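Below is one structure, written out as structure tokens; the observations come after it.
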Amino acid sequence: MTRLDPQPGERIDRDRELSFEFDGKPVRALEGDTIASALYAGGRRIFSRSFKYHRPRGLLCCAGQCPNCLVSVDGDPGVRACTEPAREGMRVRHLNAVPSLDRDAMRAVDTLGGPFTPPGFYYKTFKRPRRLWPLYERVLRRAAGLGRAPEPRDERGWRTDYRRRHADVLVVGGGRAGLAAATRAAQLGADVVLADEGPEPGGRLLERGSAERARELAAGARDAGVELISPGTAIGLFDGLAAIWEHDTLHQVRAARHLIATGTIEQPLVFPGNDLPGVMLSRGARRLLALYALSPGRRAVVATTSDEGLEAANALREAGVEIAAVADLRQGTTVVEAGGRRRVRAAVLARVDDAGNPVAGTRQTVGCDLLVVSGGAAPAGSLLLQAGGRTEYDPASAAFAVVDVPDGLHAAGEVAGVPDGDAIELSGALAGADAAHAAGCGDARSRELAEEPRRELDRLASTPPPVAEPPAAAGSGRGKCFACLCEDVTAKDVHTSIEEGYDSIELSKRYLTVTMGPCQGRMCQLPAARLIARETGQQLESVGTTTARPPWSSVPLGALAGRPIEPAKRSVLHAHHRELGGNVMWAGDWRRPYDYGDPDAEVRAVQEAAGLIDVSTLGKLIVSGPDAGEFLDRLYPNRHGNLKPGRIRYGVLVSDAGRIIDDGTICRLDDDSFYVTTTSTGAEAIEAWFAWWLADWTDLRVTLTDVTQALCAVNLAGPRAREIMGRLTSLDCSNEEFSYLDGKRARVAGVPCLLLRIGFVGELGYEIHYPVAHGQHLWDSIMDAGRERGITAFGLEPQRVLRLHKMHILVGQDTDSESDPVASAMPWIIKLDKEQDFIGRWALEEFAEHDPALRLVGFELRNGAVPHEGAAVVASGDGAVGRVTSSRYSRVAGHAIGLAWVPRDQAEDGAAIEISDRGTRMTATVTTKPFYDPDGERLRS
Amino acid sequence: MSFVLTCPNCGAREVTDFEFGGEVVPRPRERPAERDLAVYNYFRRNVAGVQREWWYHRAGCRTWFQADRDTRTNVVQGTWLPRDDA
Chain A
26 MTRLDPQPGE RIDRDRELSF EFDGKPVRAL EGDTIASALY AGGRRIFSRS FKYHRPRGLL
86 CCAGQCPNCL VSVDGDPGVR ACTEPAREGM RVRHLNAVPS LDRDAMRAVD TLGGPFTPPG
146 FYYKTFKRPR RLWPLYERVL RRAAGLGRAP EPRDERGWRT DYRRRHADVL VVGGGRAGLA
206 AATRAAQLGA DVVLADEGPE PGGRLLERGS AERARELAAG ARDAGVELIS PGTAIGLFDG
266 LAAIWEHDTL HQVRAARHLI ATGTIEQPLV FPGNDLPGVM LSRGARRLLA LYALSPGRRA
326 VVATTSDEGL EAANALREAG VEIAAVADLR QGTTVVEAGG RRRVRAAVLA RVDDAGNPVA
386 GTRQTVGCDL LVVSGGAAPA GSLLLQAGGR TEYDPASAAF AVVDVPDGLH AAGEVAGVPD
446 GDAIELSGAL AGADAAHAAG CGDARSRELA EEPRRELDRL ASTPPPVAEP PAAAGSGRGK
506 CFACLCEDVT AKDVHTSIEE GYDSIELSKR YLTVTMGPCQ GRMCQLPAAR LIARETGQQL
566 ESVGTTTARP PWSSVPLGAL AGRPIEPAKR SVLHAHHREL GGNVMWAGDW RRPYDYGDPD
626 AEVRAVQEAA GLIDVSTLGK LIVSGPDAGE FLDRLYPNRH GNLKPGRIRY GVLVSDAGRI
686 IDDGTICRLD DDSFYVTTTS TGAEAIEAWF AWWLADWTDL RVTLTDVTQA LCAVNLAGPR
746 AREIMGRLTS LDCSNEEFSY LDGKRARVAG VPCLLLRIGF VGELGYEIHY PVAHGQHLWD
806 SIMDAGRERG ITAFGLEPQR VLRLHKMHIL VGQDTDSESD PVASAMPWII KLDKEQDFIG
866 RWALEEFAEH DPALRLVGFE LRNGAVPHEG AAVVASGDGA VGRVTSSRYS RVAGHAIGLA
926 WVPRDQAEDG AAIEISDRGT RMTATVTTKP FYDPDGERLR S
Chain B
2 MSFVLTCPNC GAREVTDFEF GGEVVPRPRE RPAERDLAVY NYFRRNVAGV QREWWYHRAG
62 CRTWFQADRD TRTNVVQGTW LPRDDA
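Which chain is which? The protein sequence lines are A and B, in order. Residue numbers for the first sequence follow the working numbering, so the first one is 26 and each next one is one higher. Residue numbers for the second sequence follow the working numbering, so the first one is 2 and each next one is one higher.
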């Protein structure tokens, strides 16, 4: 490896080597290296192939701001080699070249394709014949692009988390200004978070060999209590929330004040060959030098528009790089061409006029292997702009400045237009104090003290160093001048697009995709604006910039998706069901046993002996208080206030629009309290529904207690259920003492229970509600007591078959958001003669006056087929007029039974309906009476 | 979309803690005419400006409260329990 002598503050640890793989070959690196610095040390100069022309590209910014070093790491594309730390054993691959970076066959596009690949060429050239577009598209997509999406992975292996952080002050940017601001704000008592995207905080101190100073400042901030997120990249600021991506966590920081100290981005120059490997921004060259002790080249030419390039020239010379020539545009000279095929071999310097044309006779070719460019510094203002700031062109700094910083935001340092130098830390400390004070920290004295440095800052900021305005494109017009490296947009492309009518920066963005690539305009916003200004004869001020939008930096999509979570609700008996062989399925949010292996046998057991099902998923509410009865009377269309203690009624909940929203049972426990069950999927919504009306009806003295998760519930059903109960409880379970729709409290197997005699599955049954702590004990006790009586555990599917026999509807299965109780064959549930108003009354009164167009009825199908749920009910020969909502084979009936919505004139016993099921027609017979035990004798026995 | 709501019971929380209950539409005291019933059930003003609305602290105390929120900026001007408002 070719490293320079130790540099002050370098990040590498020369005693600790590691190795990784690049395109299958081992690469040696030092601890602290990035992928790019290790490759550069090993002699690599081509890091990528460009998007469209497959031109070789090398390191440019070395700070994660340009697209030139995008690679894939362990299968993930879009990783910036210049900022990604080298890790032992990582597998790095190049992205956009076949077969290799050094010999890319697609390079032909560059040499041959120029005239044939204008902006939008793929739509212009490849549109005929139209039928071949899919083929063209496949080829084009492979040729272009920035890598391939990674192979799908086990979603649980992908770990990203959201973190919400509320703070007084968030500082974005950990350079001198940001660190000073965070420290000052924290000293004033503010809770401060600072996010910095660099390898460590310090900003431009790092590239200047002042890493020790950076570490002092960072330590000072930590000591003051600042939380540092480093490295953490801010990707957006909107809705008062900053999103910061750190390794595998997306921090969502909401601060009372956001302080932006994101600095500036050094701008490239536009000239023929400006993308050749070896053309490097001055800051990039200095980062290689200072952080990784690498010499960026042997013989350098420097072209600059400000002092920044001159400082870089000095730093390079000190490190032993030969400075062959310096072209300072302020003196009238700049670079007008870079020569070389796969890397820079020479720079052509010349005096230029305002349009960038070389003045005859001043051209001078200088051999070099490094061309350092510095085209001024553009404020990295995207976050300020996303939050509502505006840009204004500032000729003094030759860049767009951010103006109108929105309320709640502060800007400090170079992004705020403060010139590099002593003023930077001062502006940071001032903004930090302002932010802390605005967040309510500090006191009158600290406010007064904060005013003093403001004048000093104004003085320091009043004399910005001179910057020359670079030409939109320098040179004689031959060769490609790249305005946008991400999407390979040349100066000529901008010219063409304006001729075609795309003459504003926003249109240009959409047509040329300039500013839309991975750099998000960092490298191309200003060059593109200059080219548009030149081509249209406008001032830069009126060209403006494109709208700033998140994400400011690229992040994996998974970062935004967060950790994949499938919240599942499980009954306390869940593990037990699995032991019993339950086939577990999703039922809404719940995981429930579909069956225990043989649904037919389970149906038969319930009808002939006994079955036990876990119905703990039911919503369970205790409604209590002196007005509990009144409350339920206002919510349900039938009466509950007159229910006697120990009795149960079925209830359907409707909205004020008269539509069914849920159903369940209501048991009056005593004068002041009711036990209400809801459907499993409706539990949360109905609790919210009850609570909502309770919030609105402030006249009612009612308390609502959700006991859904506190109580288990099982349903013991079947002709032998009473016998089984007799073995477990001293309660008299005779039909006389414990009748259908009675609710009683008793101990069963020693467990205090609420027993509801109801029969969703159509047999004698006891729904037993009891504390979850006894979940498995009671289940096992019932199963033990029933073993000799043929008891079977049964799942959801047999329950569905059983309830269908009874024509008990399932809300959400047989009804939808348009179904009302009148049409759903439950007109008996509506008591319009009830004294008081109730939710849905007015709509139900309307419905009662009209015969509904569709009614829910049962049907029988004797041709041996079982139609799918969702099959259409059709009129003779025509389209769908209704639909099948439930359908099963009935062992008892010997044919298919089901429920369907049918036109009212067919909603009569014996009517024939046509069902069209996936192309097959069948005729079914309507029935309005339950298919099984129509008079409910078994239920009441 | 992201903002903070102050639950009258629990304090300031992210909006994702809450369920939106829509604009406050008082239930008619008497049976409305059919057209007015439809308006009450299905029509909302959907103002671009300050709107009085219901919120439910689902991931917290499970209380319904009311808020005045500017639908253009999501600035919440105040929150209160309905009985405070009576």
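Cβ coordinates follow ideal geometry from the N, Cα and C atoms, glycine included. Note that the structure is predicted; figures quoted are calculated from it, not measured.
{"Check": "Is the closest heavy atom of the ligand FAD to the C-beta of Val492 (chain A) under 6 Å?", "Outcome": "The ligand FAD is not among the ligands present in this structure, which contains no ligands whatsoever."}
{"Check": "Note the first and the last residue of the continuous beta strand (DSSP E) segment covering Gln972 (chain A).", "Outcome": "For residue 972 (chain A) there is no data in the structure shown, the boundaries of chain A being 26 and 966."}
{"Check": "Starting from the Cα of Glu748 (chain A), find the closest Cα among A:Thr950, A:Ala635 and A:Val397 and give me that residue.", "Outcome": "A:Ala635"}
{"Check": "Rounding to the nearest angstrom, what Cα-Cα distance links Asn93 (chain A) and Ala63 (chain A) in this structure?", "Outcome": "16 Å"}
{"Check": "Using a Cβ cut-off of 9 Å, pull out every chain B residue sitting near Gly265 (chain A), in sequence order please.", "Outcome": "Ser3, Phe4, Val5 and Asn75"}
{"Check": "Using a C-beta cutoff of 7 Å, does Ala720 (chain A) count as contacting chain B?", "Outcome": "yes"}
{"Check": "I'd like the list of long-range same chain contacts for Gly650 (chain A), defined as Cβ closer than 7 Å, with 5 residues on each side in sequence excluded.", "Outcome": "Asp697, Arg726, Val727 and Thr728"}
{"Check": "Going by CA-CA distance only, name the one from A:Pro618, A:Leu253 and A:Gly413 that's closest to Val197 (chain A).", "Outcome": "A:Leu253"}
{"Check": "In this structure, does DSSP put Ser578 (chain A) in helix, strand or coil?", "Outcome": "coil"}
{"Check": "Cβ closer than 9 Å: which chain A residues qualify as neighbours of Pro61 (chain B)?", "Outcome": "Per the sequence shown, residue 61 (chain B) should be read as Gly rather than Pro. The premise fails here: Gly61 (chain B) is roughly 12 Å from chain A at the closest Cβ pair, so nothing lies under 9 Å."}
{"Check": "Beta-carbon within less than 7 Å of Leu827 (chain A)'s beta-carbon, same chain only, minus the 5 sequence neighbours each way: which residues are those?", "Outcome": "Val628, Val631, Val786 and Gly787"}
{"Check": "Shorter than 7 Å from the beta carbon of Asp841 (chain A) to some beta carbon of chain B?", "Outcome": "no"}
{"Check": "Hey, would you say Glu476 (chain A) sits closer than 7 Å to Ala423 (chain A), going by beta carbons?", "Outcome": "no"}
{"Check": "For Gly68 (chain A), tell me which candidate among A:Arg74, A:Lys77, A:His79 and A:Phe47 has the shortest Cα-Cα distance.", "Outcome": "A:Phe47"}
{"Check": "So with Cβ pairs under 7 Å, would you call Val16 (chain B) a contact of chain A?", "Outcome": "no"}
{"Check": "Which one or two residues does DSSP pair with Tyr675 (chain A) in a beta bridge?", "Outcome": "A:Thr690"}
{"Check": "Under the rule that 16 or more other beta-carbon atoms within 10 Å means buried, what is Ala573 (chain A), buried or exposed?", "Outcome": "buried"}
{"Check": "Under 7 Å Cβ to Cβ from Asp86 (chain B), same chain only, skipping five residues before and after it: list those, please.", "Outcome": "Unreliable placement is indicated for Asp86 (chain B), whose pLDDT of 49 sits below 50; the coordinate value is still reported in the next sentence. These residues qualify, in order along the chain: Gln67."}
{"Check": "Under 7 Å between C-beta atoms, does Thr27 (chain A) make it to chain B?", "Outcome": "no"}
{"Check": "At the level of alpha carbons, what is the spacing between Ala325 (chain A) and Gly334 (chain A)?", "Outcome": "12 Å"}
{"Check": "Here's a check: name, in chain order, each residue in its chain whose Cβ is nearer than 8 Å to the Cβ of Asp37 (chain B), leaving out the five neighbours to either side.", "Outcome": "Pro29"}
{"Check": "Is there a C-beta anywhere in chain B that falls below 7 Å from the one on Arg574 (chain A)?", "Outcome": "no"}
{"Check": "Taking the alpha helix (DSSP H) that Val981 (chain A) belongs to, which residues open and close that run?", "Outcome": "This structure cannot speak to residue 981 (chain A), because chain A is shown only from 26 to 966."}
{"Check": "What are the residues in the stretch 721-749 of chain A lying within 8 Å of chain B by C-beta distance?", "Outcome": "Asp721, Thr723 and Asp731"}
{"Check": "Compute the distance between the beta-carbons of Gly707 (chain A) and Ile691 (chain A), then report whether it is under 7 Å.", "Outcome": "no"}
{"Check": "Taking only the alpha-carbon atoms, compute the straight-line gap between Trp804 (chain A) and Val739 (chain A) and give it to the nearest angstrom.", "Outcome": "8 Å"}
{"Check": "Could you tell me which of A:Ala236, A:Gly303, A:Arg240 and A:Asp221 sits nearest to Ala267 (chain A), measuring between CA atoms?", "Outcome": "A:Asp221"}
{"Check": "Around the Cβ of Ala435 (chain A), are there at least 16 other Cβ atoms within 10 angstroms (buried) or fewer (exposed)?", "Outcome": "For clarity, residue 435 (chain A) is His in the given sequence; the question names Ala instead. By the 10 Å Cβ count, His435 (chain A) comes out buried."}
{"Check": "With 16 as the cutoff for other CB atoms within 10 Å, does Ala286 (chain A) come out buried or exposed?", "Outcome": "buried"}
{"Check": "Looking only at its chain, what residues have a beta carbon closer than 8 Å to the beta carbon of Glu35 (chain A), apart from the 5 residues adjacent to it on each side?", "Outcome": "Gly57, Ala236, Ala315, Leu316, Tyr317 and Ala318"}
{"Check": "Mind checking if Pro83 (chain B) is an interface residue toward chain A, Cβ cutoff 7 Å exclusive?", "Outcome": "yes"}
{"Check": "Closest to Thr910 (chain A) by CA distance: which of A:Leu881, A:Gly889 and A:Ser901 is it?", "Outcome": "A:Leu881"}
{"Check": "Can you tell me the Cα-Cα spacing of Gly569 (chain A) and Leu396 (chain A), whole angstroms?", "Outcome": "30 Å"}
{"Check": "Can you check whether the CB of Cys8 (chain B) is closer than 7 Å to the CB of Gly79 (chain B)?", "Outcome": "no"}
{"Check": "Evaluate the contact criterion for the stretch 51-58 of chain B versus the stretch 18-25 of chain B: three or more CB pairs, one atom per stretch, below 8 Å.", "Outcome": "yes"}
{"Check": "When the distance is taken between beta carbons, is Val346 (chain A) closer than 7 Å to Ser307 (chain A)?", "Outcome": "no"}
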